[in-house]
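Structure first, commentary second.
In our numbering, the protein residues as written are 21 to 254.
Structure below.
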């Protein structure tokens with residue numbers, strides 16, 4: 021995924037009202053940018069450290085700039101824009117980077133499915149094999165050297181696990197794919213200390229046949245891509 025033009029850089033001052041952040045530019049001026057992340061962003065907020073943002077030319081937008089990446093105080097790069105996870109996953113699948121998900125004829129996005137009014141992030145289909153339902157999650161929480169998901173209680177994430185288990189029961193293939201948008205994360209685990217119900221459901225889903233995958237990202241202000249798998253601790 022190439023970013024054209026490359027993201028602009030500033031310095032994080034604060035995040036507030038969930039969807040806003042104030043950034044200081046190199047000339048000392050300050051701007052307010054949109055924060056496209058509904059999570060707690062636990063351990064992703066480092067005031068005084070660099071951040072990178074994109075700019076939209078849409079005149080209808082109240083805030084023209086979107087927060088894309090951040091630097092941690094240890095120098096790691098974090099992908100703030102959770103909306104990019106699905107696109108990164110789709111691009112990697114089509115490029116054959118995710119070896120476990122190759123060999124399908126078509127890829128569709130945001131397809132309605134399940135009994136709880138859900139939409140699957142990615143659906144792979146071929147005439148000669150079961151459909152593959154893929155739920156994508158962006159993983160950015162790093163604590164004491166361990167990557168975790170989620171960073172806050174997620175009833176929506178719990179629903180998605182139930183839907184994936186139901187797809188397996190119906191004879192389909194179901195995959196939970198963690199897109200690791202944090203260059204410091206090398207392993208992923210369920211954040212039982214944050215959402216124990218999600219952690220328990222993840223174990224149940226794995227036992228029921230849902231495949232759990234995680235792939236790390238290479239991140240820079242000019243490009244991002246999935247590069248290699250990493251272990252998931254269940």
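Where a beta carbon is used, it is the ideal one built from N, C-alpha and C, also for glycine.
As the structure is a prediction and not an experimental result, all values here were calculated from the model.
Residue 39 holds the alpha-carbon nearest to the alpha-carbon of residue 56 among 39, 35 and 224. Taking a C-beta distance under 8 Å as the contact criterion, residue 64 and residue 90 qualify as a contact pair. Residue state for residue 70 is assigned as strand, using DSSP reduced to three classes. Counting the other CB atoms within 10 Å of its CB gives residue 93 a total below 16, which places it among the exposed residues.
Note on the stretch 161-233: whole beta strand (DSSP E) runs with a minimum of 3 residues are 161-163, 166-169, 193-200 and 208-210, in chain order. In the three-state scheme derived from DSSP, where H, G and I count as helix and E and B as strand, residue 50 is classed as strand. Using a Cβ distance threshold of 8 Å, residue 197 and residue 230 do not count as a contacting pair. Per DSSP, residue 98 is one residue of the beta strand (DSSP E) stretching across 97-99. When Cβ pairs closer than 8 Å are counted between the two stretches, the stretch 73-84 is seen not to touch the stretch 105-119, the count staying below three. For residue 111, the three-state secondary structure derived from DSSP is helix. As DSSP reads the structure, residue 152 sits in a beta bridge with 144 and 193. Going by DSSP, residue 131 is part of the beta strand (DSSP E) stretching over 126-133. Note on geometry: alpha-carbon atoms of residue 189 and residue 22 lie some 39 Å from one another.
Here DSSP, grouped into helix, strand and coil, assigns residue 81 to coil. Annotation for residue 119: no beta strand (DSSP E) segment contains it, and DSSP assigns it neither H nor E. Non-local C-beta neighbours of residue 42 in its own chain, meaning closer than 7 Å and more than five positions away in sequence, comprise 33, 34, 50 and 52, ordered along the chain.
According to DSSP, residue pairing for residue 157 in a beta bridge involves 198.
Straight through space, the alpha carbons of residue 140 and residue 131 are spaced by roughly 5 Å. Look at the beta carbons and you see the stretch 122-129 not touching the stretch 221-237: under three pairs across the two are nearer than 8 Å. Closest in C-alpha terms to residue 158, from the list 76, 36 and 201, comes 201. It is roughly 11 Å from the alpha-carbon of residue 111 to the alpha-carbon of residue 104.
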